[in-house]
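**Q**
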Amino acid sequence: MTAAKKTGLLGITLYAAAMNFSIRWLATGAATGPVALPIWIAAAILFLIPLLTATLELSARFPEEGAIYAWTRETQGPFAGFLCGWLYWACNLPYFASLLFFIVNLFGRALVATGWGAPLGLIMAEPAGAFAATSLLVIIVALMHARGFGVGKWLPVIGAAMSITLLIFIIVTGFYLSGRNGSATDFAAASYLPPLNANGAILWSSMLFAYAGVEGVALMRNEVKGGVKTVVRALGLLAILQTLGYAIGTGAMLMIVPQALASRLGGLPEAIGAALDKLHLAAAQPAFLLIIGLSLLGGLSAWFGAAARLPFAVGVDRMLPAAVGRLDPKTGAPVVAIWIQALLTIAVLALSALGSTVAGAYDFVVAMGVITFMIPYLWMFAAYWIVQKRNDGGLDFRTPGGKSWALFLALLGIVMVLSAIAGSLVPSPEEPHPLMAFLKLLGASVVMIAVGALIYGAHILRTKGQK
């Protein structure tokens with residue numbers, strides 16, 4: 003059996019950046035206005051710090067595969083572990099599909115903008131062409147991860163490099179244009195008090211969600227030279243990138259375009275297009291669309307590789323067919339889990355391409371995925387609380403400040419997660435039927451949990467039948 007190649011500090015830091023630093027959040031912040039700046043900092047202090055310390059200490063205490071699934075299983079039992087892992091994994095499928103369509107749209111627009119690639123770009127804009135292109139991307143990503151971490155890490159590394167390049171461009175451009183023509187936003191006259199209404203609740207939930215995901219890096223810890231010690235340094239660098247990148251990047255975007263214009267922009271591509279116009283570099287827009295697409299594809303690939311470790315870990319515990327829990331002897335990759343995930347992603351892509359009715363239902367599932375992604379954090383912070391009762395020695399990481407500080411951070415994390423879930427349940431002010439929207443979203447989340455419980459119940463019945 004050939005030993006799988008592991009990565010070092012730089013490789014896992016870039017992989018973590020691809021997973022957890024998304025340049026698209028700058029457009030969200032800019033559309034909110036200057037008030038986003040203190041909220042980015044507050045969310046980092048109140049949520050990112052507890053999440054980071056919990057991730058590091060739980061990783062040090064539990065070396066098993068599965069990260070958040072294993073932490074919950076070992077502290078709260080197999081049912082809680084399975085349900086936590088199920089929700090954490092299942093919410094990725096609609097996320098993969100929605101992001102793939104957006105990436106293909108960017109690539110198609112880049113081809114159209116070049117002129118010579120217009121025919122292919124127009125084909126990719128049609129439902130059938132988009133489905134073919136997104137499915138091809140899924141297969142490429144799966145093939146790379148099936149070759150092992152040494153190959154699978156390259157798209158995330160490239161994506162992280164593209165995200166950092168875009169961040170630097172936005173910051174430099176913002177300060178340059180501000181110095182040349184004056185800032186597009188009057189920061190001195192702006193209000194920095196968060197709105198205490200539905201928009202404020204949704205904004206807070208979104209910004210907490212932007213910081214979520216650092217624990218996903220722990221799914222890859224066994225692919226890293228130095229294990230937890232290296233992960234500690236990588237996540238420390240990631241936290242600095244996220245906090246400063248989101249806050250300074252948002253401020254720079256508001257130097258380029260005012261909040262009113264940012265609110266009308268369709269997202270990051272149009273915002274960067276406005277910056278290029280001001281710099282008289284409109285001809286470079288196709289290249290920037292490609293860079294944005296690559297940055298997002300890298301993030302998708304990073305989560306794809308990490309998420310596949312969850313069904314693999316569950317397979318190791320024999321809650322899924324044994325083949326799911328096997329590693330390829332040559333590459334060390336969970337090949338069966340990777341291809342199951344790829345096929346299910348393509349199935350979701352196919353459903354979303356069937357027509358407008360299904361697409362509308364699909365968009366709703368994507369919104370529901372935000373809630374189902376946050377719920378597992380309740381189990382995670384509960385696990386962080388529970389392990390403080392243990393006297394494990396020789397850990398590679400312990401929470402600075404000791405047990406009392408760790409218990410405070412665990413409680414703070416739970417409160418922040420509950421606030422994010424509550425904010426996600428608040429209907430948009432533009433929603434014509436807010437009560438119905440709330441009940442549908444809550445009901446759909448309950449259904450997702452029930453499906454996981456039924457799968458676990460089937461496993462229990464199958465186990466008893468074998469006895």
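Numbering (this note's numbering), first residue to last: 3 to 469. Note that CB positions come from ideal geometry on N, CA and C, so glycine has one too.
How about residue 200 and residue 428: do their beta carbons lie closer than 7 angstroms?
**A** Counting from one through the sequence shown, the residue named residue 200 turns up at place 198. Counting from one through the sequence shown, the residue named residue 428 turns up at place 426. It is a contact, given that the beta carbons lie within the stated cut-off.
**Q** Report the option in 335, 305, 332 whose CA atom is closest to the CA atom of residue 20.
**A** Within the sequence shown, numbered from 1, the residue matching residue 20 stands at position 18. That would be 305, whose Cα lies nearest to the Cα of residue 20.
**Q** What is the residue span of the alpha helix (DSSP H) that residue 138 lies within?
**A** On the sequence shown, residue 138 is found 136 positions in, with the first residue counted as 1. 129 to 148 is the span of the alpha helix (DSSP H), which, as asked, contains residue 138.
**Q** Whole angstroms is fine: what's the gap from residue 397's alpha carbon to residue 60's?
**A** As a first step, residue 397 is located in the sequence shown; it is residue number 395 there, counting from the start. As a first step, residue 60 is located in the sequence shown; it is residue number 58 there, counting from the start. Their backbone Cα atoms lie some 10 angstroms apart in a straight line.
**Q** Hey, how far is the Cα of residue 116 from the Cα of residue 275?
**A** Walking along the sequence shown from the start, residue 116 turns up at place 114. Walking along the sequence shown from the start, residue 275 turns up at place 273. When rounded, the distance between both Cα atoms is 15 angstroms.
**Q** Under a Cβ-count criterion, where at least 16 other Cβ atoms within 10 Å of its own Cβ denotes burial, should residue 362 be classed as buried or exposed?
**A** Numbered from 1 along the sequence shown, position 360 holds the residue referred to as residue 362. Residue placement at residue 362 cannot be trusted, given a pLDDT of 45 that sits under 50; what the coordinates show is reported in the next sentence. Residue 362 should be labelled exposed.
**Q** Tell me, which residues are paired with residue 74 by DSSP?
**A** Position 72 of the sequence shown, counted from the start, is the residue given in the question as residue 74. None, per the DSSP bridge assignment.
**Q** I need the straight-line Cα distance from residue 92 to residue 300, nearest angstrom please.
**A** Locating residue 92 in the sequence shown gives position 90, where the first residue counts as 1. Locating residue 300 in the sequence shown gives position 298, where the first residue counts as 1. Cα to Cα, the separation comes out at about 20 angstroms.
**Q** Could you pull out every unbroken alpha helix (DSSP H) segment of at least 4 residues lying fully inside the region 371 to 397, listed in chain order?
**A** 378 to 388
**Q** Buried or exposed: where does residue 206 fall if 16 or more other Cβ atoms within 10 Å of its Cβ makes it buried?
**A** Locating residue 206 in the sequence shown gives position 204, where the first residue counts as 1. Buried is the call here.
**Q** Please classify residue 364: does DSSP put it in a helix, a strand, or coil?
**A** Counted from its first residue, the sequence shown places residue 364 at position 362. Here residue 364 scores only 42 on pLDDT, less than 50, and its place in the model should not be relied on; the value that follows carries that caveat. Helix at residue 364.
**Q** I need the straight-line Cα distance from residue 255 to residue 23, nearest angstrom please.
**A** By one-based count along the sequence shown, residue 255 stands at place 253. By one-based count along the sequence shown, residue 23 stands at place 21. Taking the straight line from one Cα to the other gives about 16 angstroms.
**Q** Under 6 angstroms Cβ to Cβ from residue 127, same chain only, skipping five residues before and after it: list those, please.
**A** Looking up residue 127 in the sequence shown gives position 125. 110, listed in sequence order.
**Q** Specify the secondary structure class of residue 187 as computed by DSSP and reduced to three states.
**A** The residue you call residue 187 lines up with position 185 of the sequence shown. In the structure shown, residue 187 sits in coil (DSSP, three-state: anything other than H, G, I, E or B).
**Q** DSSP three-state label for residue 333, please.
**A** As a working note, residue 333 is residue 331 in the sequence shown. Coil.
**Q** Which class does residue 153 belong to by DSSP, given the choice of helix, strand or coil?
**A** Translated into positions along the sequence shown, residue 153 becomes position 151. Reduced to three states, the DSSP call for residue 153 is helix.
**Q** With 7 angstroms set as the bound, which would you pick, yes or no: does the beta-carbon of residue 36 sit closer than that to a beta-carbon of chain B?
**A** No chain B appears in this structure, which consists of one protein chain only.
**Q** How should residue 459 be labelled, buried or exposed, when 16 other C-beta atoms within 10 angstroms of its C-beta is the threshold for buried?
**A** To locate residue 459, count along the sequence shown from 1; it is residue 457. Result: exposed.
**Q** Given that a residue counts as buried once 16 or more other Cβ atoms are within 10 Å of its Cβ, and exposed if not, what is residue 211?
**A** Translated into the one-based positions of the sequence shown, residue 211 becomes position 209. That one is buried.
**Q** Excluding the 5 residues flanking residue 400 on each side, which residues of the same chain have their C-beta closer than 7 angstroms to its C-beta?
**A** For the purposes of this step, residue 400 is taken as residue 398 along the sequence shown, with counting starting at 1. Around residue 400: 59.
**Q** Identify the continuous alpha helix (DSSP H) that holds residue 288 and give its terminal residues.
**A** For the purposes of this step, residue 288 is taken as the residue at position 286 of the sequence shown. For residue 288, the enclosing alpha helix (DSSP H) stretches over residues 287 to 309.
**Q** Can you list, in chain order, the residues of its chain with a C-beta nearer than 6 angstroms to that of residue 85? Leave out the 5 residues immediately preceding and following it.
**A** Within the sequence shown, numbered from 1, the residue matching residue 85 stands at position 83. 454.
**Q** Taking the alpha carbon of residue 34 as the point to measure from, which residue in 264, 141, 104, 409 has its own alpha carbon closest?
**A** For the purposes of this step, residue 34 is identified with residue 32 of the sequence shown, where counting begins at 1. The option with the nearest alpha carbon to residue 34 is 264.
**Q** Would you please state the rounded distance, in angstroms, between the beta carbons of residue 340 and residue 147? I believe it to be under 8 angstroms.
**A** Position 338 of the sequence shown holds residue 340. Position 145 of the sequence shown holds residue 147. Contact flag correct, Cβ pair sits at about 5 angstroms.
**Q** Would the beta-carbon of residue 150 fall within 7 angstroms of that of residue 333?
**A** For this step, residue 150 is matched to residue 148 along the sequence shown. For this step, residue 333 is matched to residue 331 along the sequence shown. Yes, these two residues count as a Cβ contact at 7 angstroms.
**Q** Classify residue 159 as helix, strand or coil using the three-state DSSP reduction.
**A** Position 157 of the sequence shown, counted from the first residue, corresponds to residue 159. Looking at residue 159 - three-state DSSP - the assignment turns out to be helix.
**Q** Return the CA-CA distance between residue 172 and residue 160, expressed in angstroms with no decimal places.
**A** Translated into positions along the sequence shown, residue 172 becomes position 170. Translated into positions along the sequence shown, residue 160 becomes position 158. Whole-angstrom Cα-Cα distance: 18 angstroms.
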